[in-house]
Amino acid sequence: MRIWTSEHTFEHSWDTVVTAAWRKYPNPLNPSVVGLDVLDRSIDAEGKLKSHRLMSTSWGMPGWVAKLIGMQESAFASEHSVVDPENKIFTLNSRNLTLSNVLTVNEQLTYSQHPTDPNKTLLKQEATVTVSGLPLCNRLEKMMTDAMTNNANKGRQAMEFVIDKIKKEARELTTEAHKCMDNVLPKTNSL
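Residue numbers (the UniProt record's numbering): 1 to 191.
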């Protein structure tokens with residue numbers, strides 16, 4: 001078993017980062033997630049949004065590893081998340097479903113408002129990787145955690161990509177709203 005951890009501070013508010021996290025996939029920087037399906041979503045009595053999603057991924061493992069463990073082209077993972085808007089905490093827990101009899105990856109991401117700067121967001125990631133019943137278990141676990149380090153960097157870049165996209169959309173909507181108001185106001189003033 002290997003444990004992998006990472007921390008990162010986004011220079012954006014919690015609301016912005018959480019909005020981007022919901023819209024993170026698909027994106028050109030993380031092509032491994034090819035689909036997301038919402039299986040269940042509800043708001044509990046405390047106002048927390050709870051979701052269960054099924055992720056369809058392409059892991060991009062080296063060919064020899066895929067053959068060794070019988071990997072198919074697509075892999076599936078289950079993701080449970082909780083958005084707590086009052087405390088500004090968004091937690092995602094995911095676990096692979098595909099090949100879970102030989103490889104388990106349990107990952108938790110927690111986005112929280114930065115403790116000293118409300119205009120920043122702290123991301124804490126932790127994953128546990130366990131390979132069992134295969135030769136070279138330690139080597140395979142190390143390969144997986146090394147890939148996680150690389151993918152975490154890509155994931156952060158993807159979040160920045162999505163945040164930029166959201167900000168661009170907001171500017172375009174603002175511009176369009178101003179155009180509409182510029183067209184409507186003169187007509188209402190002449191009445």
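Note that beta-carbon positions come from the ideal geometry of N, C-alpha and C, so glycine has one too.
Tell me residue i's beta-bridge partners as DSSP assigns them.
i	result
His8	Leu123
Arg156	BP columns for Arg156 are empty, so no partner.
Ala75	Thr57
Glu169	According to DSSP, Glu169 bridges with nothing at all.
His52	Asp40 and His80
Glu107	Ser94 and Ala127
Ile163	Ile163 pairs with nothing; no bridge assigned.
Arg2	Val129
Out of the options, which has the shortest C-alpha to C-alpha gap to residue i?
i	options	result
Arg156	Thr128, Lys124 and Pro186	Lys124
Thr39	Lys48, Leu29, Ala45 and Ser56	One point to set straight first is that residue 39 is Leu, not Thr, in the sequence displayed. Of Lys48, Leu29, Ala45 and Ser56, the residue nearest in Cα terms is Ser56.
residue 192	Ser13, Thr5 and Lys179	Outside the displayed range of the chain (1 to 191) lies residue 192, so it cannot be described from this structure.
Ala45	Val82, Thr130 and Val162	Val82
Glu160	Trp4, Ile3, Thr9 and Met1	Thr9
His52	Ala75, Val33, Arg95 and Val34	Arg95
Ala20	Glu176, Asp164 and Glu172	Asp164
Ala158	Val17, Thr110, Arg2 and Ser58	Val17
Around the C-beta of residue i, are 16 or more other C-beta atoms found within 10 angstroms, so that it is buried, or is it exposed?
i	result
Leu103	buried
Met181	exposed
Val129	buried
Asn87	exposed
Val184	exposed
Met148	buried
Taking the beta strand (DSSP E) that residue i belongs to, which residues open and close that run?
i	result
Val34	Val33 to Ile43
Lys91	What sits at residue 91 in the sequence shown is Thr, not Lys. Unbroken beta strand (DSSP E) run through Thr91: Ile89 to Asn96.
For residue i, report the span of its alpha helix (DSSP H) as first-last.
i	result
Thr116	Here Thr116 belongs to no alpha helix (DSSP H), and DSSP marks it neither H nor E.
Val102	Careful: Val102 lies outside any alpha helix (DSSP H) and carries neither H nor E.
message = Taking contact to mean 3 or more Cβ pairs, one atom from each stretch, closer than 8 Å, check whether the segment 96 to 112 and the segment 22 to 42 are in contact.
response = no
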